[in-house]
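In order, the protein sequence lines correspond to chains W and V. Residue 0 is where the first sequence starts when you use numbering that gives the first Met the number 0, and the numbers rise one by one after that. Residue 0 is where the second sequence starts when you use numbering that gives the first Met the number 0, and the numbers rise one by one after that.
2 protein chains.
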Amino acid sequence: MHMNKPEQPRNPDGQMPTMADVARHAGVSSMSVSRALKNSGLVSQTTRERIFKAIDELGYVLDLSAGSLSSKRTGFVAAIVPSINNSNFSDTARGITDELEKTGLQLLLAYNDYSVEREERLIEAMLRRRPEGIILTGGIHTDRARRMLENAGIPVVETWDLPANPIDQVVGFSNADAMSLLVRTLAGKGYRKFAYIGGTTERDTRGNQRRAGFQSAISGLGLPEGRVVSFGVPPISMEQGAQAMGGVLSQWPDTEVVICVSDLSAFGALMECQRRGLSVPKDIAIAGFGNYEIAACCHPRLTSVDIECYEIGRLAARKLFATIQNPEHVNRRELVLTNIRIVEREST
Amino acid sequence: MHMNKPEQPRNPDGQMPTMADVARHAGVSSMSVSRALKNSGLVSQTTRERIFKAIDELGYVLDLSAGSLSSKRTGFVAAIVPSINNSNFSDTARGITDELEKTGLQLLLAYNDYSVEREERLIEAMLRRRPEGIILTGGIHTDRARRMLENAGIPVVETWDLPANPIDQVVGFSNADAMSLLVRTLAGKGYRKFAYIGGTTERDTRGNQRRAGFQSAISGLGLPEGRVVSFGVPPISMEQGAQAMGGVLSQWPDTEVVICVSDLSAFGALMECQRRGLSVPKDIAIAGFGNYEIAACCHPRLTSVDIECYEIGRLAARKLFATIQNPEHVNRRELVLTNIRIVEREST
DNA sequence: GCGTTTTATGTTATCGCTATCATTAACACG
DNA sequence: CGTGTTAATGATAGCGATAACATAAAACGC
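What follows is the structure in structure tokens.
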């Protein structure tokens, strides 16, 4: 059994109405319809009204893929983030969308699960849609991905990182420096025996840089060697944070402060402490990274590093748009450094 | 100052290479290139190799917008969720993406911030891209949105709800029933004085239905009248949950159990209790909705209602694809009811 | 070996829109 | 009133791919 499809507007040939149908119906040329639909201002008030009446009566909807073929502007911007489930990255995606909305560009969003191979495939798939610009997360890409991006001849913004070898433009911060700053801040409060909880693999480059920043700060300050627990593939979940905390406590019971690769794992670690009856920060202190909502709301509240995720998205989109509008007059290779800020709370 | 753009592949006219350039370079017709690129199997091995060599040498990337104009298949599926920052909805988006990936369709994702007006605008913007199907959240839409969708003549799947008047297909569950079930489960454990924390406005229709389910279960069971705290516009944050919990405790100190519209607000409420030194569930019990990661990880763990968010996305995408492939042989108006399950944990 | 099928390739005509140029009408000004 | 200028509209020719049909070459059957 099947239902009939609902009644649809059709032109005389039984097809979906096109701009030519609208033009005929309104008694004008299709150029006038096109102009009316993009508010070109070169259509008289009366004509415009007749056109919109015809559009309404026929239920016409502009076909942008046809339009972009002719105008060579697709109105797309592509963006790839590691994950859309992580609220840090979805904040960035939201920032991009909100900023693009003002410009009439539409976002083509994808996530690569922290894999550069998947990123390469996604880049290829997206370039086939001829985006006018592309926003990536991080500065590590496959060779083929780099080549494709260069060939595409569109502006690229790398975010969330400071790539050693940027493709084009960058909006980000140093994950290593941010983590260093956190360690130094905590060392300033008197903590000496540090542990670090992060992911295992090499996939999460931001996580790796945070770990590197942790290690270099520890040795720079001449503190006892950092105790590092690596746990699972990214993203490190709350549950994994809890388990890793168990590892820290059993291996190095005298640890004074634990820093986690993100607030999510830090929260898991915090909960594990509570389950074991440990008092945070009295028995052991905990700090996270990313300043997620949860860090400001849990009890005790988590010390964290605020990185302006939403702002990263907005800035990246704005920079991309500026370049799209005026490719020659933009300072390519310019770096936009976003703010990082230690947010000290009760957990340390 | 500006840098030169990186060297890009160009055809003799100085344009980006097209399929015709590839064809010329490989000494074949562009139809063969087209066929080779879509693995039609109707290209000999030697020709195929020559073509891919040419593609590689020229750095050619297929232009899908040109292709879809001719083939009348864009390869797009549109989806609108209320928010991409809420992990329940981003799980659904992930489910959609993961399922679509197998089919070669690409997702055009947008969020409407719980607003049907914004949804209407987004639907129009997306229909201009001629998606082959569209996935919506909830069953409430503006009249114009409904009309546009019917006119579009593409399959529609409404999710996360059981619309009173479905447009086409539905993959969802009854938010009211799910909440009722939670109330009855808790009543079965002996709780009698219930409070409810949810959003203020009429925007979040799922939230409203949960509240309705709460109220009807309370009165159906003959329990003391439910105490409802409405708080802010959706999405209700952790912080708002905490504040609302303060309201419950000051207005009705004898409340035995508080149910929240989502786990996020429930977590905020839980933290507020901890800050006030109240023991959960001994002094007051708390339950949430959505079975977010945090519910399973906080301390005490939160009782919640598991709705299979990821699965909703997968099923919706699968159903949409089936309809796209075979519009006539699909049972339109068929309803796919997804599972709901009470997850009892230590908080109640 | 000859007709028949299958496989591989090419030719042509769009798809639905917009850029570009051409045209007409309306208006201003000395 | 003629000329120049601006505003409003139309005609035409693609944009870059694919559908549909046509053809050539190879494989097959008896």
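Cβ atoms here follow ideal geometry from the backbone N, Cα and C, with glycine treated the same way.
Contact with chain V by residue i, beta-carbon distance below 9 Å
i                     : result
residue 4 (chain W)   : Note that residue 4 (chain W) scores a pLDDT of 45, beneath 50, so its modelled location is shaky; the value from the coordinates is reported in the next line. Closer than 9 Å to some Cβ of chain V, the Cβ of residue 4 (chain W) qualifies, so yes.
residue 263 (chain W) : yes
residue 60 (chain W)  : yes
residue 131 (chain W) : no
residue 1 (chain W)   : Bear in mind that a pLDDT of 43 at residue 1 (chain W), under 50, signals an unreliable position, so the model cannot answer this.
residue 198 (chain W) : no
residue 244 (chain W) : no
residue 349 (chain W) : Nothing about residue 349 (chain W) can be read from this structure; chain W reaches only from 0 to 347.
residue 229 (chain W) : no
residue 174 (chain W) : no
residue 93 (chain W)  : yes
Straight-line Cα distance separating residue j from residue i
i                     : j                     : result
residue 295 (chain W) : residue 265 (chain W) : 12 Å
residue 78 (chain W)  : residue 215 (chain V) : 45 Å
residue 101 (chain V) : residue 65 (chain V)  : 23 Å
residue 334 (chain V) : residue 311 (chain V) : 12 Å
residue 92 (chain W)  : residue 169 (chain W) : 16 Å
residue 3 (chain V)   : residue 104 (chain V) : With a pLDDT of 46 at residue 3 (chain V), under the threshold of 50, the modelled position of this residue cannot be trusted, and the question is left open.
residue 199 (chain W) : residue 233 (chain W) : 8 Å
residue 243 (chain V) : residue 40 (chain W)  : 51 Å
residue 171 (chain W) : residue 186 (chain V) : 51 Å
residue 161 (chain W) : residue 308 (chain V) : 35 Å
residue 269 (chain V) : residue 248 (chain W) : 26 Å
residue 5 (chain V)   : residue 58 (chain V)  : Note that residue 5 (chain V) scores 48 on pLDDT, short of 50, meaning its location in the model is unreliable; the coordinates nonetheless yield the value given after this. Roughly 13 Å between the two C-alpha positions.
residue 278 (chain V) : residue 273 (chain W) : 13 Å
residue 173 (chain W) : residue 71 (chain V)  : 46 Å
residue 108 (chain W) : residue 130 (chain W) : 11 Å
residue 16 (chain W)  : residue 164 (chain V) : 27 Å
residue 1 (chain W)   : residue 327 (chain V) : Any reading at residue 1 (chain W) needs caution, since the residue's pLDDT is 43, under 50, leaving its predicted position unreliable; the model's value is listed next. Looking at the two C-alpha atoms, the distance is approximately 7 Å.
residue 339 (chain V) : residue 303 (chain V) : 10 Å
residue 240 (chain W) : residue 125 (chain W) : 35 Å
residue 257 (chain V) : residue 86 (chain W)  : 26 Å
residue 80 (chain V)  : residue 31 (chain V)  : 41 Å
residue 315 (chain V) : residue 73 (chain V)  : 19 Å
residue 238 (chain W) : residue 127 (chain V) : 43 Å
Extent of the continuous alpha helix (DSSP H) to which residue i belongs
i                     : result
residue 267 (chain W) : 262–274
residue 310 (chain W) : 308–324
residue 54 (chain V)  : 44–57
residue 63 (chain V)  : 63–70
residue 283 (chain V) : Per DSSP, residue 283 (chain V) belongs to no alpha helix (DSSP H) and is neither H nor E.
residue 345 (chain W) : Unbroken run through residue 345 (chain W): none, as it is neither H nor E.
Extent of the continuous beta strand (DSSP E) to which residue i belongs
i                     : result
residue 78 (chain V)  : 75–80
residue 34 (chain W)  : Per DSSP, residue 34 (chain W) belongs to no beta strand (DSSP E); it is in the alpha helix (DSSP H), 29–36.
residue 340 (chain V) : 339–342
residue 134 (chain W) : 133–136
residue 335 (chain W) : 334–336
Minimum Cβ-Cβ distance from residue i to chain W less than 9 Å
i                     : result
residue 302 (chain V) : no
residue 51 (chain V)  : no
residue 83 (chain V)  : yes
residue 178 (chain V) : no
residue 215 (chain V) : no
residue 96 (chain V)  : yes
residue 293 (chain V) : yes
residue 44 (chain V)  : no
residue 298 (chain V) : yes
residue 73 (chain V)  : yes
residue 324 (chain V) : no
residue 33 (chain V)  : no
residue 344 (chain V) : no
Any non-hydrogen atom of the ligand ATP within 8 Å of residue i CB
i                     : result
residue 211 (chain V) : Ligands in the displayed structure: none, and consequently the ligand ATP is not present.
Stretch pair the segment 127–144 of chain V + the segment 306–326 of chain V: three plus CB contacts closer than 8 Å
yes
In chain order, what are the residue ranges of uninterrupted beta strand (DSSP E) at least 3 long that sit wholly in the segment 90–129 of chain V?
105–110
For the segment 224–262 of chain V, list the beta strand (DSSP E) runs that are entirely contained and at least 3 residues long, ordered along the chain.
226–229 and 256–259
So does the segment 41–52 of chain V actually touch the segment 16–33 of chain V, counting three or more Cβ pairs closer than 8 Å?
yes
Any contact between the segment 223–236 of chain V and the segment 178–193 of chain V? By contact I mean 3 or more CB pairs, one from each, below 8 Å.
yes
Assess, as a yes-or-no matter, whether the segment 283–301 of chain W is touched by the segment 246–261 of chain W under the definition of 3 or more beta carbon pairs within less than 8 Å.
By the criterion of at least three beta-carbon pairs nearer than 8 Å, the segment 246–261 of chain W is in contact with the segment 283–301 of chain W.
Mind the definition here: the segment 136–153 of chain V touches the segment 109–118 of chain V only if three or more C-beta pairs lie below 8 Å; say whether that holds.
yes
Going along the chain, which unbroken runs of the alpha helix (DSSP H) with 4 or more residues stay wholly within the segment 148–203 of chain W?
174–187
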